[in-house]
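Heads up, the thing below is written out as structure tokens.
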Amino acid sequence: MIIIGFILLFLAIRNGFEPLLLVPIGFGGILANIPGAGLAYSAVENAIYSGDAALLREFASVLPVALSAEPDSVKGLIGAYKSAALPLQIAAETLAEQAGFRDGMLYTFYKVAIASGIAPLVIFMGVGAMTDFGPLLANPKTLFLGAAAQFGIFATVLGAVLLSSIGLMDFSLSDAAAIGIIGGADGPTAIYVASLLAPELLGAIAVAAYSYMALVPLIQPPIMRALTTDAERKIVMVQLRRVSQRERIVFPLILLILVALLLPAAAPLLGMFCFGNLLKECGVTERLSFTAQNALINITTIFLGLSVGSQLVADTFLDVETLGILALGIVAFAIGTASGVLIAKMMNRLGSTPINPLIGSAGVSAVPMAARVSNRVGLEADPHNFLLMHAMGPNVAGVIGSAVAAGVMISLVGG
Amino acid sequence: MIIIGFILLFLAIRNGFEPLLLVPIGFGGILANIPGAGLAYSAVENAIYSGDAALLREFASVLPVALSAEPDSVKGLIGAYKSAALPLQIAAETLAEQAGFRDGMLYTFYKVAIASGIAPLVIFMGVGAMTDFGPLLANPKTLFLGAAAQFGIFATVLGAVLLSSIGLMDFSLSDAAAIGIIGGADGPTAIYVASLLAPELLGAIAVAAYSYMALVPLIQPPIMRALTTDAERKIVMVQLRRVSQRERIVFPLILLILVALLLPAAAPLLGMFCFGNLLKECGVTERLSFTAQNALINITTIFLGLSVGSQLVADTFLDVETLGILALGIVAFAIGTASGVLIAKMMNRLGSTPINPLIGSAGVSAVPMAARVSNRVGLEADPHNFLLMHAMGPNVAGVIGSAVAAGVMISLVGG
Amino acid sequence: MIIIGFILLFLAIRNGFEPLLLVPIGFGGILANIPGAGLAYSAVENAIYSGDAALLREFASVLPVALSAEPDSVKGLIGAYKSAALPLQIAAETLAEQAGFRDGMLYTFYKVAIASGIAPLVIFMGVGAMTDFGPLLANPKTLFLGAAAQFGIFATVLGAVLLSSIGLMDFSLSDAAAIGIIGGADGPTAIYVASLLAPELLGAIAVAAYSYMALVPLIQPPIMRALTTDAERKIVMVQLRRVSQRERIVFPLILLILVALLLPAAAPLLGMFCFGNLLKECGVTERLSFTAQNALINITTIFLGLSVGSQLVADTFLDVETLGILALGIVAFAIGTASGVLIAKMMNRLGSTPINPLIGSAGVSAVPMAARVSNRVGLEADPHNFLLMHAMGPNVAGVIGSAVAAGVMISLVGG
Amino acid sequence: MLYGMGTVVLFLAALVIATMAMSAVIGNYFAQPQRVEPVASGGQASTGSARHIDPTTLSVITAAIHQHRKRGR
Amino acid sequence: MLYGMGTVVLFLAALVIATMAMSAVIGNYFAQPQRVEPVASGGQASTGSARHIDPTTLSVITAAIHQHRKRGR
Amino acid sequence: MLYGMGTVVLFLAALVIATMAMSAVIGNYFAQPQRVEPVASGGQASTGSARHIDPTTLSVITAAIHQHRKRGR
Ligand code: NA
Ligand code: NA
Ligand code: NA
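Chains as they are written, first to last, in the numbering used here: chain A, 10 to 424; chain B, 10 to 424; chain C, 10 to 424; chain D, 3 to 75; chain E, 3 to 75; chain F, 3 to 75.
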């Protein structure tokens, strides 16, 4: 596992793979796997792993391990602790504390940042404060492209369920839902959903999500070229209209109202996203917007990354399931890209204003990488046709789309 | 309630009503009231509100609801949970956790930021680091104006007690004390006191405090003009003397010593205020002072605002008591303003150096709005008479005065 | 004790003694000792100290105080609470909460910042992000000087054990280890080790560590002059070679691998240190590095300082043991300085490239003060011989050395 | 899966309609004097006011940040 | 209520006396060479060193902050 | 105590060897074109890019920070 941490660091530093997340994740993965340090374990786990026989017997007398075959074995105790009721867990914590054991550093970070669900939401607020909805407001129909690209999410869920039903993998429905979100190409959303629906897969899902976001410039262009004609790639779009400040202020509130009416399960994610965007656009809270985009999101990123890294533990990560997650994730990306391009082609034929299908792939989100890819592939076809601003519309629409899809998953599978 | 959230946002963004607090409060109020999202509820409350009959029966077996008329009703369970002893609450939390429920996001923010009492104190530290005691040190007698304006606080407490005794309202003594602090025109102080003495009124009190602080330019001038003659409003004050750095360093320490000797109940508020001011003035901790004034206070403001918003829940806010709080709050403001002006008039007659009574109204605090109002009303009478710096003395004195009054309340009513 | 707080503030502000830490520590010490405010106590302690006889009887019925001579006395209850099992502590907390008592502000800060072990580690990450390993990489042999200076640590541990064995003091082995770390001249390391091994001495150890770091310019020069000849002090060192960015990136990873292989007990401290340094050097996470060096370290410093100050309580600080700690600490410093200089002399004789022995004293760490002292004493001997950059190598080596020594202590004594 | 994808599409369709209605209402009844900069193609995904800073100024700022970092620990 | 208001007034009266005594002591026995800028009327409630920045400089800084924000997410 | 001090020395000796090996490997097999500024004697323990800012610029920046602080509370 330590080697996987170093590989992530190498990809992040040398190849620029989403370094803001993958450097902390990779480093956290190394720290979590230092033998004997126990940084990713709770006090009780540390006590069980490195306590002597007498201490283990004490734990066995407190925890309900009667059902286990070897009641005093380490694995049995850990399992019993994790599934015990809160009062028994408290008793075990007393034991560990009295024997001088403490929660590991990364365990504490994980508890505060991810188990509480807070860190991904705070990052989403910062992302909201960095997002410019101008291009989307100038051309709201691009929201459909953001919807289309989420097709990859649901196709992947179906795929994961199928793989499990034919016995190749062993994913529950909530695992499948969490894996599908990788196709949303949105790191905080994927981490938030995984922390709710499949905490034991969180490490693999986060690594897959950020790696594929970094691979967008490799994954998308062949698909985009295969599905479009040269003439379509040369389509010049109408210059975007000016968007007034009032529209920018009202838009996050409109989105919030729709969430409240239609999809309360998406309220934490989209609520914080809209809040961050409102702080930015309202013009009277610049202090707060600046901090949300800088100190606060950076601090949260550091601890979120280390916490995710703490989940890269050998017995859950080095597994055929991780390979399945990686394979399904890339399929989700490809399907999302293709759906976006195809729907854009359809909208171009049906609608009155021309739409270059290349901007459809930006609907997977991966802001702003996917929009830059649309621009680059467009410039290949016509060196004077700048699509960047046009692609920003579907790109931020993709963020909304993934968050909506996340809400659907949570309300269908969770609770 | 969602509509009230939007009204607060409108007032904050369009009319500039204390936007740094009212934007997060309004947004938090909307989020808290999204039906089905449960963002402001604890895991147990979420489980009780959306659990099935079997789960409710399990809760009823754990919580002491035998006394309730309908033992398995939702309201009864919530009440039983809130008043249960810690071990029973822990048992209920185990149940909720095992059923897959989590603390809502805003509930977590509230617990960390307000229930712990930390956020208002950290903000007060930042305010201390932004406060310049120079004008106060140059003319220490203006401290009496800061004292006079707190008369509104105590008059309001008396009013609330009277209204309750004649049966119009139903405020306990600690409710009355918390409501009175609105007259202190100091947001963090009001939130801190309310979190200690009347947590169930915190939403209404915070909204009232920040709204009235924003309304200072409307509320104060008529009172100021009614109580002063044109000649008094034209009084030119002596230019303030220079204040040495040593005086600035020693002043927060003097204040701290007095708090320690005379009013330990004010130690958290005034201690953090003096600490922030010392960081600013001592000249060797500029890094810390800068962070206290920027990243730290901004981060805390975001979470404090959302947490306060989470308290804007219909069954406690839409109430005749809220109207009472709003009415009493504005009375407290008016009395504070009048007292400040009248005492300034008295000091002008008794003392040797001339004092323009208009600076008396700044003693309510509401820094720096009230001082600007003094300046503006002064300029109306004499366009060459700048009172701003002279009004800053009573203005920051008002911050100290409210914190002292808060300490008196806490030591009289609490504990 | 309040007077000691003011003395620390005076030394910090007037004499510039490590003001970033000693201003918060001193202020926290004053706040913690305000009589009746109870800022440094938990809710239960506050309830026991200021509760009435009826409440005390309730506590006596809950806590296991049967063994105590006076079961209902305050001291007995406090002791019983602190040594009680977690379930009984929870029962006591229920009692205190129902009686309206809350955790003091400083107690909350201490619990979050120090008892969790997090704050010193976050500061160490920031220090890593501020550290330039260039001079060390250009001349890796200076690492031996950083090792030599840690001799003071172990000599002091031996001294503390001896003092206890002849009955002059009463230090346990873990107390002795925590005191020895003062000689490491590294504040966060000392606080981290003390919080693990001797929490009840943390206040005195932190004050001693930071005071002596501030006294480096007084303590070191006489020792340096006594142990070197004028000719040695005039030795001109070879200009340092350029260090490539790749070496800078790989170095923290090499250090991390060695920690993982050889000394897992040092993994939290050195892991976070290497992480911070990697964020700085890798070139793709500038946002995170900037925040780690500014907002995050400043916020953590404020709360760490106040928390340390909360431990300056009379009955543990005003003690013959504190005098012992202060005396042993200065001895540790002196021995460390001497060892560094002597080993540098030895390396100068044995090696091929000339080494000015004055840079040996910088191995105690106290970055960058000790390196500046080396430079200044060098300039006294030869006004054209700038040693600063050469001394930075042993100086940062000293940070690593102390953290390694801390890991050794923790693995030998703790756990 | 169809249900999930359907919800996403319906939600975003509702958002398209609401957004277009909102823009129409604001454009017709609450129009502001245009102070907001144009969202031109070829620009960047951020507020435009930073577009015309010359590199010298930027390097000065960056340098100042570095300088700021030097101050002690 | 009288008791409460009385406490506030007494506390601030004590603070007035202590402050005046402190200023007198410092002025007479520990006077510093005056490096602190005057607290002139018409100024602002903050340290004065920022008073004379011209708007151009400020806009440059603000722009730089906006620029800074652009860097990734 | 000997054991402890021995561990420290051995650890740092291992670090010296590993560092020298690392520098040799990078210098011989993975050398970069030198873009990193020299670590000259007499300098400061921080990245060098901040060295040549003139005081005026710095005071402008500091002033801007002060200005920034003024904005509300
Ligand atoms: Na997406
Ligand atoms: Na006030
Ligand atoms: Na050291």
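For every residue, glycine included, the Cβ atom is placed at its ideal position computed from N, Cα and C.
Residues that Ala16 (chain D) contacts on chain A, provided the C-beta gap is smaller than 9 Å
The residue given as residue 16 (chain D) occupies position 14 in the fourth sequence. Simply Leu267, Leu270 and Leu271.
Would Gly155 (chain C) and Gly338 (chain C) qualify as a contact pair, given that the criterion is a beta-carbon distance under 7 Å?
Residue mapping note: residue 155 (chain C) aligns to position 146 of the third sequence, counting from 1. Residue mapping note: residue 338 (chain C) aligns to position 329 of the third sequence, counting from 1. It is not a contact, given that the beta carbons lie outside the stated cut-off.
Determine the direct distance from the alpha carbon of Gly410 (chain A) to that of Gly6 (chain D), and round the result to whole angstroms.
By 1-based counting over the fourth sequence, the position of residue 6 (chain D) is 4. By 1-based counting over the first sequence, the position of residue 410 (chain A) is 401. Cα to Cα, Gly6 (chain D) sits roughly 12 Å from Gly410 (chain A).
Does the Cβ of Ala194 (chain B) lie closer than 6 Å to at least one heavy atom of ligand 2?
Stepping through the second sequence from its first residue, residue 194 (chain B) is reached at position 185. Yes, since a heavy atom of ligand 2 falls inside the 6 Å radius drawn around the Cβ of Ala194 (chain B).
If we define contact as Cβ-Cβ less than 7 Å, is Ala156 (chain A) a contact residue for chain D?
For this step, residue 156 (chain A) is matched to residue 147 along the first sequence. Yes, Ala156 (chain A) counts as interfacial toward chain D.
If we count the other Cβ atoms within 10 Å of its Cβ and call it buried at 16 or more, is Glu209 (chain A) buried or exposed?
Counting from one through the first sequence, the residue named residue 209 (chain A) turns up at place 200. The residue in question, Glu209 (chain A), is exposed, as its Cβ has fewer than 16 Cβ neighbours within 10 Å.
Given a threshold of 16 other Cβ atoms within 10 Å of its Cβ, counted over all protein chains shown, does Leu18 (chain C) qualify as buried or as exposed?
Sequence index remark: in the third sequence, residue 18 (chain C) carries index 9 (1-based). So Leu18 (chain C) ends up on the buried side.
I think Phe342 (chain C) touches Ala194 (chain C), with their Cβ atoms under 8 Å apart; what is that distance to the nearest whole Å?
In the third sequence, the residue the question calls residue 342 (chain C) occupies position 333. In the third sequence, the residue the question calls residue 194 (chain C) occupies position 185. Rounded to whole angstroms, the Cβ separation of Phe342 (chain C) and Ala194 (chain C) is 7 Å, and the two are in contact under 8 Å.
Top-ranked residue by Cα proximity to Phe26 (chain C), from C:Met378, C:Leu305 and C:Thr346
Translated into positions along the third sequence, residue 26 (chain C) becomes position 17. Looking at the Cα atoms, C:Met378 is the closest of the given residues.
Would you verify that the beta carbon of Gly6 (chain F) is, or is not, closer than 7 Å to some beta carbon of chain C?
Translated into positions along the sixth sequence, residue 6 (chain F) becomes position 4. Closer than 7 Å: yes.
Indicate the three-state DSSP secondary structure (helix, strand or coil) for Thr237 (chain B) in the structure shown.
The count along the second sequence starts at 1 and reaches residue 237 (chain B) at position 228. It is coil, neither helix nor strand.
Residues from the stretch 301 to 314 of chain B in contact with chain C, defined by Cβ distance under 9 Å
Ala301, Asn303, Ala304, Leu305 and Ile308
Give the straight-line distance between the Cα atoms of Gln302 (chain A) and Gln107 (chain A), rounded to the nearest whole angstrom.
What you label residue 302 (chain A) is simply residue 293 of the first sequence in a count that begins at 1. What you label residue 107 (chain A) is simply residue 98 of the first sequence in a count that begins at 1. When only Cα atoms are considered, Gln302 (chain A) and Gln107 (chain A) end up about 42 Å apart.
Any non-hydrogen atom of ligand 1 within 6 Å of Gly407 (chain A) CB
Residue numbering aside, residue 407 (chain A) sits at position 398 when the first sequence is read from its first letter. For Gly407 (chain A), the distance from the CB to the nearest heavy atom of ligand 1 is below 6 Å.
Using the Cα positions of Leu95 (chain A) and Tyr119 (chain C), report the straight-line distance between them to the nearest angstrom.
Indexing the first sequence from 1 puts residue 95 (chain A) at position 86. Indexing the third sequence from 1 puts residue 119 (chain C) at position 110. Take the alpha-carbon of Leu95 (chain A) and the one of Tyr119 (chain C): they are about 25 Å apart.
Would the beta-carbon of Ser411 (chain C) be found less than 6 Å away from any heavy atom of ligand 3?
Here residue 411 (chain C) refers to the residue found at position 402 when the third sequence is read from its first residue. Here the distance from the Cβ of Ser411 (chain C) to the nearest heavy atom of ligand 3 is below 6 Å.
For His399 (chain C), count neighbouring C-beta atoms within 10 Å of its own C-beta (all shown protein chains included) and say buried if the count is 16 or more, exposed if not.
Counted from its first residue, the third sequence places residue 399 (chain C) at position 390. His399 (chain C) comes out buried.
With DSSP as the reference, label Ser92 (chain A) as helix, strand or coil.
As a working note, residue 92 (chain A) is residue 83 in the first sequence. In this structure, Ser92 (chain A) counts as helix in the three-state DSSP scheme.
Does the beta carbon of Ser374 (chain C) fall short of 6 Å from some heavy atom of ligand 3?
Position 365 of the third sequence, counting from 1, holds the residue named residue 374 (chain C). Ser374 (chain C) Cβ: within cutoff of ligand 3.
Can you list, in chain order, the residues of the stretch 30 to 48 of chain C whose Cβ is nearer than 7 Å to any Cβ on chain B?
Under the 7 Å Cβ criterion, the stretch 30 to 48 of chain C contributes Val32, Phe36, Ile39, Leu40, Ile43, Pro44, Gly45, Ala46 and Leu48.
Contact defined as beta carbons within less than 8 Å: I believe Leu236 (chain A) pairs with Ala347 (chain A). What is the distance between those atoms, to the nearest angstrom?
In the first sequence, counting from the first residue as 1, residue 236 (chain A) sits at position 227. In the first sequence, counting from the first residue as 1, residue 347 (chain A) sits at position 338. That belief holds up - the Cβ atoms of Leu236 (chain A) and Ala347 (chain A) are roughly 6 Å apart, short of 8 Å.
Can you list the residues of chain C that Ser125 (chain B) reaches, using a CB-CB cut of under 8 Å?
Counted from its first residue, the second sequence places residue 125 (chain B) at position 116. Those within 8 Å of Ser125 (chain B) in chain C are Asp112 and Thr117.
Can you check which of these residues, A:Glu389, A:Leu272, A:Met355 and A:Ile344, is closest to Leu14 (chain D) by C-alpha distance?
Counting from 1 along the fourth sequence, the entry for residue 14 (chain D) is found at position 12. Nearest C-alpha to Leu14 (chain D): A:Leu272.
If we count the other Cβ atoms within 10 Å of its Cβ and call it buried at 16 or more, is Lys289 (chain A) buried or exposed?
In the first sequence, residue 289 (chain A) corresponds to position 280, counting from 1. By the 10 Å Cβ count, Lys289 (chain A) comes out buried.
Comparing the C-beta of Arg296 (chain B) with each C-beta of chain C, is any distance below 7 Å?
Counted from its first residue, the second sequence places residue 296 (chain B) at position 287. True, the Cβ-Cβ gap to chain C drops below 7 Å.
Comparing C-alpha positions only, which one of B:Leu86, B:Gly212 and B:Ala217 sits nearest to Ser70 (chain B)?
Position 61 of the second sequence, counted from the first residue, corresponds to residue 70 (chain B). Of the listed residues, the one whose Cα sits closest to Ser70 (chain B) is B:Leu86.
Alpha helix (DSSP H) runs wholly inside the stretch 248 to 293 of chain A, at least 4 long, in chain order:
254 to 271 and 276 to 290
For the 8 Å Cβ check, are there 3 or more pairs between the stretch 249 to 261 of chain B and the stretch 138 to 147 of chain B?
yes
For the stretch 240 to 265 of chain A, which residues have a beta carbon sitting closer than 7 Å to at least one beta carbon of chain D?
Residues are counted here when their Cβ sits less than 7 Å from a Cβ of chain D; for the stretch 240 to 265 of chain A these are Gln248, Leu249, Arg251, Val252, Ser253, Gln254, Arg255, Glu256, Val259, Phe260, Ile263 and Leu264, given in chain order.
Can you say whether Thr238 (chain A) is buried or exposed, counting buried as having 16 or more other CB atoms within 10 angstroms of its CB?
Within the first sequence, the letter at position 229 stands for residue 238 (chain A). That one is exposed.
Whose Cβ in chain B lies nearer than 7 Å to the Cβ of Phe284 (chain A)?
Translated into positions along the first sequence, residue 284 (chain A) becomes position 275. Contacts between Phe284 (chain A) and chain B, judged by CB atoms closer than 7 Å, involve Phe36 in chain order.
Quick one, which of B:Arg255, B:Val417, B:Leu40 and B:Thr151 has its alpha-carbon nearest Gly29 (chain E)'s?
Within the fifth sequence, the letter at position 27 stands for residue 29 (chain E). Looking at the Cα atoms, B:Arg255 is the closest of the given residues.
Any C-beta of chain F sitting closer than 7 Å to the C-beta of Ala414 (chain C)?
Against the third sequence, residue 414 (chain C) aligns to sequence position 405. At least one chain F Cβ lies under 7 Å of Ala414 (chain C).
Residues of chain C with a CB under 7 Å from the CB of Ala20 (chain F): which are they?
Walking along the sixth sequence from the start, residue 20 (chain F) turns up at place 18. Simply Ile263 and Leu267.
Just how far apart, CA to CA, sit Ala269 (chain C) and Ile43 (chain A)?
Numbered from its first residue, the third sequence carries residue 269 (chain C) at position 260. Numbered from its first residue, the first sequence carries residue 43 (chain A) at position 34. Going by the C-alpha atoms only, they are around 5 Å apart.
Report yes if the CB atom of Pro366 (chain B) is closer than 7 Å to the CB atom of Ala380 (chain B), and no otherwise.
The residue labelled residue 366 (chain B) in the question sits at position 357 within the second sequence. The residue labelled residue 380 (chain B) in the question sits at position 371 within the second sequence. For Pro366 (chain B) and Ala380 (chain B), no; Cβs fall outside 7 Å.
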